[in-house]
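Asker:
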Amino acid sequence: MNNWPQLSSASPYQTAVAIKTELIGGNSQEAMNGLRELIEALARSEKRALKSQLVRLMLHIIKWKSQPERRSRSWLASIEDAREEIADLQEETPSLDDDVIRGLWDKAFAMAKRNAQAEMHKRTHITALSWPEVFEEEYEDSSEVSSQTDKA
C-alpha cells in the first residue's frame, strides 16, 4: 500500500507510475485511491498557482495606485501578464472559475498589500480592490498617452 498523500505531494509523475503499477497488478481499488489523491494534489497545485498570480496582479495594482510618480512599463507588463496567466489557468482548469477567485480574494489582497508595502517601504491608503479594478480597468503608461496627445 502506497502513502498516496505524501507521494502525490512529492511527485505527480511518480504517483502516476505507482498507479499504473497497481493497475497492472490488478489492484484497482488501490489505483483508484492513488488516482483520487493525485487529482486532489494537482487541483491544490493549480489553485496555488492561481493565488500566486492573483497576489502578483493585486500587488502591482496597489503599487500603481499608491505610487503614481513611480509607475513603469514593467508594472503594466506585470499586470497584463498576471491577467493572462489567470485566464490561461482558468481555461486549462475550468474548476478554477470566478467563484474560486472570489474565495481567494481576501487572503490574496492581504498578501498583496503586505508585499506592496514592503516593496514600497511605506504604507498604502488602499483598503480594498474591486473586481473591475483587478480584471477590467485599463492601466496605461501616462507618458505614452501624453506623447500620443502631443503628436495629435
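Per my numbering, residue 1 is the first one in the sequence shown, and the count goes up by one each step. All C-beta atoms, glycine included, are put in the ideal place defined by N, C-alpha and C.
Could you check what DSSP says for D150 in three-state terms: helix, strand or coil?
Answerer: Any answer about D150 is weak, because its pLDDT of 48 lies below 50 and its placement is not dependable; what the coordinates show is given next. D150 falls in the helix class under three-state DSSP.
Asker: Could you check if A53 is buried or exposed, using at least 16 other CB atoms within 10 Å of its CB as the buried criterion?
Answerer: It should be noted that the sequence gives Gln, not Ala, for residue 53. Its Cβ being crowded by 16 or more others within 10 Å, Q53 is buried.
Asker: Exposed or buried, H125, counting other C-beta atoms within 10 Å across all chains shown (16 or more means buried)?
Answerer: H125 should be labelled exposed.
Asker: Within 10 Å of its beta-carbon, does M58 have 16 or more other beta-carbons around it, so buried, or fewer, so exposed?
Answerer: Classification of M58: buried, given that the 10 Å Cβ count is 16 or more.
Asker: Applying the criterion that 16 or more other CB atoms from any shown protein chain within 10 Å of the CB defines a buried residue, is E136 buried or exposed?
Answerer: It is exposed - the Cβ of E136 has fewer than 16 other Cβ atoms within 10 Å.
Asker: Tell me which residues share the same chain as E22 and place their Cβ nearer than 8 angstroms to its Cβ, disregarding the 5 neighbours each side in the sequence.
Answerer: Here the set comprises N2, S28, E30, A31 and G34.
Asker: Between which residues of its own chain and P5 is the CB-CB distance below 7 angstroms, once the five residues before and five after are set aside?
Answerer: So the list reads E37, once near-sequence residues are dropped.
Asker: I need the DSSP call for G103, collapsed to helix, strand or coil.
Answerer: Helix at G103.
Asker: When you compare each of E92, S72, E84 and P68 to L42 by their alpha carbons, which one comes out closest?
Answerer: If we check each option's Cα against that of L42, E92 comes out closest.
Asker: Between Y13, I61 and A16, which lies nearest to S74 when the distance is taken from Cα to Cα?
Answerer: Closest by alpha carbon: I61.
Asker: Under a three-way DSSP split, which group does P94 fall into?
Answerer: Note: P94 maps to coil in three-state DSSP.
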